[in-house]
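Worksheet: one structure, shown below.
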Amino acid sequence: MLIQTALNSEALRRLIGVHGRISDLRDKQVEVLQNSIKLPADRQNDERLVIGDIAKQLRKTLNEAIIWAAKDGALDVYGKQLPPNLEIIDVTTMASQAQMRLAITDRLNQMADEWTDTMDNLPGFPDEDSKPDPPVIFGLVIYKHILFIATMNAGDLDAVEHIPTQLNMGEKNQHQWNALAIMLTICWARDILKKTATAMNLNPVPDTPSSDPDV
Numbered sequence: 077m078l079i080q081t082a083l084n085s086e087a088l089r090r091l092i093g094v095h096g097r098i099s100d101l102r103d104k105q106v107e108v109l110q111n112s113i114k115l116p117a118d119r120q121n122d123e124r125l126v127i128g129d130i131a132k133q134l135r136k137t138l139n140e141a142i143i144w145a146a147k148d149g150a151l152d153v154y155g156k157q158l159p160p161n162l163e164i165i166d167v168t169t170m171a172s173q174a175q176m177r178l179a180i181t182d183r184l185n186q187m188a189d190e191w192t193d194t195m196d197n198l199p200g201f202p203d204e205d206s207k208p209d210p211p212v213i214f215g216l217v218i219y220k221h222i223l224f225i226a227t228m229n230a231g232d233l234d235a236v237e238h239i240p241t242q243l244n245m246g247e248k249n250q251h252q253w254n255a256l257a258i259m260l261t262i263c264w265a266r267d268i269l270k271k272t273a274t275a276m277n278l279n280p281v282p283d284t285p286s287s288d289p290d291v
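Right, here's the structure in full:
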């Protein structure tokens, strides 16, 4: 039922749509670089603008999908009791792979630390051993037209990030597969967070309105 809901969602259709727009922008990027009329510095500036537009459109659509999944899973009933276990990390402006890796690691570590603090201060459990473990955390990492999916086990103090998936959002004829991979990752992270909330014995926040996530 969950997968069927995601497949029929407006959020998935938007992910498919943004793939097409990014593919068009990649074509525009090539045209900009091949414009022999302009000076090299002007061509580079024009290319930066196109790359910035690519990252902006992808970031916006990913954020919409995350919001949709949270509403669809009724995560909003917990208010601010739950730290996020999924965030968008934009490293488009990073100058090197080392800077990108450091930015990803730092953000995932910050998320893990927030979960550690939340569990340390979680009431209603007789001792630390009886408390639930922090969840797996996810990063949707944007680098220009490439989307990396990073993960880390927030419950393991010695954990390192893993980046098992790389999606080329400008690759033609891959829009459905890429959109589906993103949506399933977002829903997977959402479901992990729901299970963690249940294990934490959290109570819903009063007067939280429910709504159709596609509205």
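Take the sequence shown: its position 161, counted from the start at 1, is 237 in this note's numbering, and no numbers get skipped.
All C-beta atoms in this analysis are idealised placements derived from N, C-alpha and C, irrespective of residue type, glycine included.
- It is roughly 35 Å from the alpha-carbon of Q110 to the alpha-carbon of A141.
- Residue pairing for A226: DSSP places it in a beta bridge opposite G215.
- By the Cβ rule, the region 113 to 127 does not count as touching the region 176 to 189, because fewer than three pairs are nearer than 8 Å.
- F201 and G155 have their C-alpha atoms some 21 Å from each other.
- CA-CA distance, A87 to P210, rounds to 27 Å.
- Ranked by how close their Cα comes to the Cα of D129, the residues T169, E247, K114, D193 have T169 in first place.
- The beta-carbon separation of I164 and N139, rounded to 6 Å, stays under the 8 Å limit for a contact.
- Taking a cut-off of 8 Å for Cβ pairs, the region 236 to 256 and the region 148 to 162 do not touch, as fewer than three such pairs fall below it.
- When the beta-carbon positions are compared, L158 and A275 stay at least 9 Å from each other.
- Taking all protein chains in view, the Cβ of L115 is surrounded by fewer than 16 other Cβ atoms within 10 Å, so the residue is classified as exposed.
- According to the DSSP secondary-structure assignment, E163 is paired through a beta bridge with G215.
- In this structure, R135 lies near D166, with their beta-carbon atoms less than 9 Å apart.
- Residue range 238 to 244 is occupied by the beta strand (DSSP E) that includes H238, with no alpha helix (DSSP H) assigned at that position.
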